[in-house]
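Presented below is the structure to which this report refers.
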Amino acid sequence: MLRPAVTTAFVLAVAGLLSGCAGMVIGAGATTATAASEERGLEGAVDDVKIRAEINHLWFQKDVDMYRQVTLTIKEGRVLLTGTVPTPDARVEAVRLAWQPAGVREVINEIKIDSGDSGFGDYARDVAISQKMKTALLFDKEIRNINYTVDVNEAVIYLMGIAQSDAELERVLAYARDISGVRGVVNYVRLKNDPRRNGS
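In terms of mature numbering (1 follows the signal peptide of the UniProt record, and there is no 0), the sequence shown is residues -27 to -1, 1 to 173.
Rendered as structure tokens:
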């Protein structure tokens, strides 16, 4: 469990590792700049990294497979769980543990039970869909792509983040729906002025 005295630089460095960012040489400075430019701000990003680290720690202690099979997406204390686990009990336990860290405001359970039908081909398809979606957001100048996260499981796109406007969100959703092979789009994006962002 992370101690309250952990420094911002350390937490943001960990964020880079957890998100699979190459280039540790860049250091926490670049990560800090990126986090500060997000709608949730630097403090919100740090809080989310703490939550991510603690949930991953709890899952790893409980079951290494749970840690490997369930994907975390966190924005402003909202925790989205995706991935596939072997049993309903494992699904319930993953959700229970996700509620444990301080600062968790909501846990959204999109974990699926393993049907035994998926394989490497399905994984490769999901990765391809994810990359197409992220690329589309990156090159659209009317979308602040840094505020969005994209996760794909079994050809379903899960979106989370903060939209500047209804128009921006509609552009994001349109990209998701237009990607070949997508079976569904699940939207957990909130608008910038949504009162729920402040706990209202």
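Positions of the beta carbon are idealized from the N, C-alpha and C atoms, including for glycine.
Query	Result
Within 10 angstroms of its Cβ, does VAL37 collect 16 or more other Cβ (buried), or is it exposed?	exposed
Between the alpha carbons of VAL68 and ILE135, how many angstroms are there, rounded?	23 Å
Taking C-alpha atoms, which residue in PRO168, LEU164, TRP72 and ASP21 lies nearest to GLY137?	The residue asked about is misnamed: residue 137 is Gln in this sequence, not Gly. It is LEU164.
May I ask you to verify whether the stretch 59 to 73 touches the stretch 98 to 116, counting CB pairs closer than 8 Å and requiring at least 3?	no
Mind reading off the beta-carbon distance from PRO61 to ASP87? Whole number of angstroms is fine, and I expect it under 8 Å.	With a Cβ gap of about 11 Å, PRO61 and ASP87 do not count as contacting.
Do the stretch 19 to 26 and the stretch 104 to 118 meet, that is, are 3 or more Cβ pairs less than 8 Å apart?	no
Taking the alpha-carbon positions, what's the ILE81 to LEU54 distance?	6 Å
Relative to the C-alpha of THR57, which residue among TYR40, GLY76 and GLU49 is closest?	TYR40
What span of residues does the alpha helix (DSSP H) with VAL100 cover, start to end?	93 to 111
Check this for me: beta carbons of TYR121 and VAL159, under 7 Å apart or not?	no
Where does ALA109 land, buried or exposed, given buried means 16+ other C-beta within 10 angstroms?	buried
Looking at C-alpha atoms only, which residue of ILE119, ASP139, GLU141 and ASP95 is the closest neighbour of VAL155?	ASP95
Check whether the Cβ atoms of residue 180 and GLY50 lie closer than 7 Å to each other.	Because the chain is modelled from -27 through 173, residue 180 falls outside the range shown and cannot be assessed.
Which residue marks the beginning of the beta strand (DSSP E) containing residue 186, and which one marks its end?	Nothing in the structure corresponds to residue 186, since the chain is present only between -27 and 173.
Using the beta-carbon count (16 or more within 10 Å), is GLU79 buried or exposed?	exposed
Using a threshold of 7 Å, state whether the C-beta atoms of GLU141 and ILE119 are closer than that.	no
Alpha carbon to alpha carbon, how far is ASN171 from GLU66?	28 Å
What would DSSP say about ASP90, mapped onto helix, strand or coil?	coil
What does the alpha-carbon distance come out to for the pair VAL162 and ARG169?	12 Å
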